[in-house]
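Beneath this line is the structure, given in structure tokens, with notes to follow.
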């Protein structure tokens with residue numbers, strides 16, 4: 001019986017360590033992608049080739065979430081503000097920040113909803129502020145759904161690990177009887 005308990009404890013420590021290592025590598029990967037995204041933003045601004053919606057396209061390319069776009073823009077703004085060699089790019093970065101704040105509610109929405117909202121804005125009697133509020137509400141609903149899906153995936157991973165652990169325990173018990 002003591003052998004089974006020690007095997008269970010060893011297996012639990014192994015799984016916890018494995019999960020910890022996976023989380024660390026995931027965090028390192030996300031941080032690396034953010035840095036690369038920020039670097040590409042700077043290069044594109046310096047080259048003068050960056051259009052407003054390119055900031056979202058670059059974010060998709062580097063798998064940077066839309067929550068981190070503004071922080072990357074602010075970081076670029078800070079870098080250009082403090083470096084005299086690039087201070088002439090500050091107005092362009094301000095334009096990008098203003099544009100992103102205006103269109104941020106649209107960025108994470110699915111393409112069909114985004115297109116419909118843009119069509120509504122283009123209507124002659126459409127109130128842009130009301131469309132922005134609607135977009136913000138849809139954005140919140142969409143994010144809420146994504147968070148629920150992410151939570152469900154995590155629960156599935158935990159249940160999968162528990163299932164594997166119980167299978168291993170059952171296997172060890174049947175082998176050592």
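In full-length UniProt numbering, the protein residues as written are 1 to 177. The C-beta atom is built at its ideal place from N, Cα and C for all residues, glycine as well.
Exposed or buried, what is residue 159 when buried is set at 16 or more other beta-carbons lying within 10 Å of its beta-carbon?
-> exposed
Taking just the CA atoms, how far does residue 59 sit from residue 32?
-> 13 Å
Select from 133, 110, 68, 24 the residue whose C-alpha is nearest the C-alpha of residue 145.
-> 110
Any idea what DSSP makes of residue 53, helix, strand or coil?
-> coil
CA-CA distance, residue 84 and residue 42?
-> 15 Å
Should residue 73 and residue 97 be called a contact, given that it needs their Cβ atoms to be closer than 7 Å?
-> yes
Which of helix, strand or coil DSSP assigns to residue 176 | coil
Do three or more CB pairs link the stretch 147-163 to the stretch 121-132 at distances below 8 Å?
-> no
With a CB to CB cut of under 7 Å and the five nearest residues on each side skipped, what residues in its chain are close to residue 89?
-> 45, 46, 80
Go through the stretch 56-131 residue by residue and report every complete run of the alpha helix (DSSP H) that reaches 4 residues or more, in order.
-> 66-82, 90-107, 111-122
So does the stretch 7-21 actually touch the stretch 161-174, counting three or more Cβ pairs closer than 8 Å?
-> yes
Given residue 172, which residues of its chain have a CB within under 7 Å of its CB, disregarding the five upstream and five downstream residues?
-> 4, 7
Kindly indicate which three-state DSSP category residue 160 falls into: helix, strand or coil?
-> helix
Leaving aside the five residues before and after residue 94 along the sequence, list all residues of the same chain whose C-beta is less than 8 Å from its C-beta, in chain order.
-> 77
Inspect the beta-carbon positions of residue 99 and residue 52 and report whether they are closer than 7 Å.
-> yes
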